[in-house]
Each structure stands twice: as C-alpha cells, then as structure tokens.
Amino acid sequence: MTPRQPTRSRLFAPALLTLAAILGACNIAGPAGYFLLGPEKIPAMYELDPDRPTVVFIDDRASKVPARTARTTIGKVAERALLDEKVVKEVISSEGLAAVVSRERFGQPMGIAEIGEAVGARTVIYATIDEFTISTDGTTFAPRAVLRVKVVDTETKQRLWPREDPGWYAMTVQVPERQGLAPRTAAEIQEAQQLLATRVGTALAKLFYKHEAHVPSERIGR
C-alpha cells in the first residue's frame, strides 16, 4: 500500500504553531501576529441588560453642538449600532426625548431617570457634550468631541455605571487631522459636523460591546 502523503493543511499547521511560538517568545506584535490571532478586541466597558428598553440621551443643553442635525445623528448612529450588535433588544428613539426636555422651560429641570421614564425606557445611556468642534484653533481641520457618559436605571434612579467617582466616564473622540484649512463654506462645515457626529455615535455605542481596536490614526478614549 502506498504511504498516505501528508496534506497541505497538515504540513501548514505545525508551521503556524512554530511561528506563533517564535512570536510569543520574542514578544513581537505585528502583521504576522494579526493574521494568526486576529485583530485585537476591546471588551465592553459595561454590559447592558439586553431585555431592558434603552434610550440614548445626548444632553446638549449647553448648546455645544452647533447644529441640531449633528446632535440627532449622534443618537441615531449609537442606536443603530446597539441594535446591529444585538446589545439590547429594544432601543427607544432618542428623538422622542426632545419634547420631554422642552418641558423644562415651564418647570424645574428633570432628572435623567425621569426623562428616560417619560419615554418608556428602563435604562438610559446618558452622554453630556462638553466640547464639539471641527477646529480647535479656528484654522486647522481637526474635529474633536469631549463627552461624559453614564448609565442610569429609571426604576431605581440609581447610576448603574460607572460605580466609582466621579460618577461618569470621560471620553474624547478625534477625527484624524487633515492637511489644509478648516472648512469654510456652510456645506463644508455641515459635512464635517456630520462626520464628527457619526464618529461620536459609533464610539459611544462601542462602550457597550466588544469590538476591534481602533486604527492608530483615530483616537477614541479618555
């Protein structure tokens, strides 16, 4: 009987194991490690209860976001990502919060839990905007947003995350700086604001599910 010839896969497997051992021993992180182990995964900062109706509350009562459409985009992008990644089963549209928040003009400011409860949410992802700009110096095109985020239970009115002080998670989202001047025309400014808003919404949602590490040219973090 003719001896069975080793298949290509059988020959290749030991080679992969040997290469992996070499990379591990040398503490090398590079393209080879990427293909062997896959892209680096960042765990969720907090795992939401998938069975609790959730709303994303983008609080811009200080009017840091120049255009309301950009603020709406942040909420919509975050909502879509949470549903696509199956983080929660039901997301209540953040657009419904506008009418609730507007009531504050005629009375005392409402609490986060109270606002969420008014639209039928049991969990509120609350993000207040501290900075939203497409140019930090008025000349260079370098969009950046700074937010403080926390998760609140509308039933107990307690903060679910983060538990520790100061009671919120600070994050900065920056779009890679581009050559040339900052946008000047209304159309260019709107396009840049929408780009930043989309990045912010995506980064906000990623706090709540495991995802691939961002590319080095895009900073998302504290």
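As numbered in the numbering used here, residues 58 to 279 make up the sequence shown, in order.
All C-beta atoms, glycine included, are put in the ideal place defined by N, C-alpha and C.
Measure the alpha-carbon distance for residue i versus residue j and round it to whole angstroms.
i, j, result
"Gly-195", "Ala-239", "7 Å"
"Lys-214", "Val-206", "16 Å"
"Asp-187", "Ala-170", "20 Å"
"Gln-270", "Gly-177", "Position check: residue 270 holds Ala in this sequence, whereas Gln was assumed. Taking the straight line joining both Cα atoms gives about 34 Å."
"Arg-160", "Lys-121", "20 Å"
"Ile-85", "Ile-99", "Any reading at Ile-85 must be qualified, since the residue scores a pLDDT of 40, below 50, and its modelled position is unreliable; the value itself is stated next. Ile-85 and Ile-99: Cα-Cα distance of roughly 19 Å."
"Ile-191", "Ala-260", "17 Å"
"Val-282", "Ala-156", "Here the chain has residues from 58 to 279 only, and residue 282 is not among them."
"Arg-179", "Arg-125", "25 Å"
"Asp-106", "Thr-211", "13 Å"
"Ile-246", "Asp-222", "37 Å"
"Glu-104", "Ile-115", "19 Å"
"Thr-193", "Ala-175", "37 Å"
"Thr-242", "Gly-224", "39 Å"
"Ala-127", "Glu-248", "10 Å"
"Glu-97", "Phe-189", "29 Å"
"Pro-123", "Ser-151", "18 Å"
"Ala-78", "Leu-264", "Low local confidence applies: a pLDDT of 44 at Ala-78 is under 50, so the model's placement there is unreliable, with the coordinate-based value given in what follows. So the two alpha carbons sit approximately 33 Å from each other."
"Asp-117", "Pro-110", "22 Å"
"Gly-132", "Glu-142", "16 Å"
"Lys-146", "Thr-197", "41 Å"
Would you kindly check if the distance between the Cβ of residue j and the Cβ of residue i is under 7 Å?
i, j, result
"Val-113", "Gly-173", "no"
"Arg-201", "Gln-231", "yes"
"Glu-234", "Ala-184", "no"
"Val-144", "Tyr-266", "yes"
"Val-11", "Leu-140", "Since the first and last residues shown for the chain are 58 and 279, residue 11 lies out of range."
"Thr-130", "Gln-251", "yes"
"Ala-101", "Ala-262", "no"
"Leu-204", "Met-228", "yes"
"Gly-258", "Val-158", "no"
"Val-209", "Arg-220", "no"
Buried or exposed: where does residue i fall if 16 or more other Cβ atoms within 10 Å of its Cβ makes it buried?
i, result
"Gly-168", "exposed"
"Asp-108", "exposed"
"Trp-218", "buried"
"Arg-256", "buried"
"Ala-119", "exposed"
"Ala-244", "exposed"
"Glu-136", "buried"
"His-268", "buried"
Original post:
Which runs of the beta strand (DSSP E) fall wholly inside the stretch 122-197 and span at least 3 residues, in chain order?
Top reply: Runs found: 180-190.
Subject >> 3-residue-minimum beta strand (DSSP E) runs that sit fully inside the stretch 204-277, ordered along the chain >> reply: Counting whole runs of 3 or more residues, the stretch 204-277 contains the beta strand (DSSP E) stretches 216-218, 226-231.
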